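Take the sequence shown: its letter number 84 is residue 87 in the working numbering, and every next letter is one higher.
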Amino acid sequence: MGKLDGKVALITGAARGQGRAHALTMAGEGADIAAIDICRDLPYPRYSLAKPEDMTETVELVRQLGQRALGIETDVRCAAEVEAAVAQTIATFGHIDILVCNAGIADMALTWDITEEWWDTMIDVNLKGYWLAAKYVVPHMLARKQGGRIIMTSSVAGLRGEPGMAHYCASKWGVVGLAKSLAHELSEHSITVNTLHPTGVDTDIIPGMAKAAAMATDDLVGFIENGHALPVKLVDAMDVASAALWLASDDARYVTGHTMKIDAGRMLK
Ligand SMILES: NC(=O)c1ccc[n+]([C@@H]2O[C@H](COP(=O)([O-])OP(=O)(O)OC[C@H]3O[C@@H](n4cnc5c(N)ncnc54)[C@H](O)[C@@H]3O)[C@@H](O)[C@H]2O)c1
Numbered sequence: 004m005g006k007l008d009g010k011v012a013l014i015t016g017a018a019r020g021q022g023r024a025h026a027l028t029m030a031g032e033g034a035d036i037a038a039i040d041i042c043r044d045l046p047y048p049r050y051s052l053a054k055p056e057d058m059t060e061t062v063e064l065v066r067q068l069g070q071r072a073l074g075i076e077t078d079v080r081c082a083a084e085v086e087a088a089v090a091q092t093i094a095t096f097g098h099i100d101i102l103v104c105n106a107g108i109a110d111m112a113l114t115w116d117i118t119e120e121w122w123d124t125m126i127d128v129n130l131k132g133y134w135l136a137a138k139y140v141v142p143h144m145l146a147r148k149q150g151g152r153i154i155m156t157s158s159v160a161g162l163r164g165e166p167g168m169a170h171y172c173a174s175k176w177g178v179v180g181l182a183k184s185l186a187h188e189l190s191e192h193s194i195t196v197n198t199l200h201p202t203g204v205d206t207d208i209i210p211g212m213a214k215a216a217a218m219a220t221d222d223l224v225g226f227i228e229n230g231h232a233l234p235v236k237l238v239d240a241m242d243v244a245s246a247a248l249w250l251a252s253d254d255a256r257y258v259t260g261h262t263m264k265i266d267a268g269r270m271l272k
């Protein structure tokens, strides 16, 4: 018996990194997976996003776990594409029980050096993209009357300010406002909404941010490690996926509006 037997999870940004870890962790507990990702580069951020072969690998790995998997190339900034991805998931699997909003970008620049294009892209991917996924999944959950789980990946940058990341921080604080408002709206329907707040996670975002800041990746990792209370440089994507699994499972059925830190004690300091 898996903790998510019979469930369907739609996960954004699932071609690689934490999104893939969520897909494999949830599939390992019996969920079928709709993996959403853009699978191409954008003019911004200043590093590469996932590639189509990353998505193929995620889908293949889920299938190797014995679960059904759907990979859908979707830009989470685009309402029509997100609506179509949700419709395709329901047409294929019949329902959606779990939504994980995870697709995101990061960058480093001083507030006054951020261009209008960078600001708008950051907010569009990291905040509007989360809202759009909820906008199209929630009516389905309400109509089905079976409750549901919505998990949104914020960051420690959604709990504190960070130098050189004002647009990223603004997007991640915005996610908390979105999630807490949704938690109010959906609690009477037994749909929980919670946020994850990881510290630095060992994924492609870290060298991407270092490149943007013209820093050595080791220097950026050293800066992050220095902020931790627990002795670790970066946490692993699976550490975040374990927390999401708990929030998605019946074990957390009465947990909503929670801001869950996976921060190696960063917020203690
Ligand atoms: N890695 C960290 O240190 C860290 C820390 C805290 C929070 N986060 C957050 O975790 C989430 C996952 O990031 P990750 O660490 O796995 O990085 P990642 O870059 O490996 O994964 C992000 C995924 O989102 C996808 N994506 C980006 N823009 C998209 C768009 N417009 N439409 C659809 N998909 C898009 C990318 O292709 C990529 O597969 C992000 O929201 C990020 O902000 C990361």
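Where is the CB? At the ideal position from N, CA and C, for every residue including glycine.
Keep in mind it's a predicted model, so treat the numbers as computed, not measured.
Answer yes or no: the CB of residue i versus the heavy atoms of ligand 1, is any distance below 7 Å?
i      : result
ILE126 : no
ASP222 : no
PRO201 : yes
THR59  : no
GLN91  : no
VAL79  : yes
ILE36  : no
ALA109 : yes
ASN105 : yes
ASP229 : Just to set this straight, residue 229 is Asn in the shown sequence, not Asp. For ligand 1, not one heavy atom lies less than 7 Å from the Cβ of ASN229.
SER245 : no
THR156 : yes
ARG19  : yes
MET40  : Residue identity check: residue 40 is Asp in the sequence provided, not Met. It does: the Cβ of ASP40 is within 7 Å (strictly closer) of some heavy atom of ligand 1.
ASP173 : This sequence places Ala at residue 173; Asp is not what is there. No, Cβ of ALA173 sits at least 7 Å from all heavy atoms of ligand 1.
VAL204 : yes
ALA215 : no
ALA53  : yes
GLY132 : yes
ILE1   : Beyond the ends of the chain as shown, which are 4 and 272, falls residue 1; an answer cannot be given.
ILE101 : no
ASN197 : no
GLY22  : yes
ASP207 : yes
ALA240 : yes
Can you list, in chain order, the residues of its chain whose CB lies under 7 Å from that of residue i, leaving out five sequence neighbours each side?
i      : result
ASN212 : In the sequence as presented, Asn is not what sits at residue 212; that position holds Met. Excluding residues within five positions, the ones whose Cβ falls inside 7 Å are ALA109, ASP110, MET111, LEU223.
TRP176 : GLY161
GLY167 : MET111, ALA112, LEU113, ALA216
LEU52  : ILE41, ARG43, ASP44, LEU45
Please classify residue i: does DSSP put it in a helix, a strand, or coil?
i      : result
HIS200 : strand
VAL235 : coil
MET155 : strand
CYS42  : coil
GLU86  : helix
ASP35  : strand
ILE117 : coil
GLY225 : helix
GLU165 : coil
LYS54  : coil
Quick one: residues in its chain with C-beta nearer than 6 Å to the C-beta of residue i, no 5 flanking neighbours on either side, listed in chain order?
i      : result
CYS2   : The question about residue 2 has no answer here: the residues shown for the chain are numbered 4 through 272.
LEU68  : ALA30, GLY31
GLU228 : LYS236
THR124 : TYR47
ILE194 : MET144, GLY150, GLY151
ALA251 : ILE101, ARG152
LEU13  : ALA37, THR92, ILE99, LEU102
VAL11  : ASP35, PHE96, HIS98, ILE99, ASP100
ALA88  : ILE39, ILE75, THR77
GLY260 : LYS183, ALA186
LEU233 : ALA267, GLY268
LYS6   : GLU32, SER252
Got a sec? Which residues, its chain only, sit under 8 Å from residue i by beta carbon, not counting five neighbours each side?
i     : result
GLN91 : ALA37, LEU73, ILE75
GLY22 : ILE14, THR15, GLY16, ALA38, ASP40, THR61, VAL103, ASN105, ALA106
Any chance the CB of residue i is under 7 Å from a heavy atom of ligand 3?
i     : result
ILE14 : Of the ligands one can find in the structure shown, namely ligand 1, none is ligand 3.
Check your understanding: Is the stretch 68-82 close to the stretch 243-254, with three or more CB pairs under 8 Å?
Key -> no
Check your understanding: How about the stretch 139-148 and the stretch 65-81: do they share at least three Cβ pairs that are nearer than 8 Å?
Key -> Remark: fewer than three beta-carbon pairs, one from each stretch, lie closer than 8 Å, so the stretch 139-148 and the stretch 65-81 are not flagged as touching.
Review point. Are there three or more Cβ pairs, one per stretch, closer than 8 Å when the stretch 156-167 is compared with the stretch 192-203?
Key: yes
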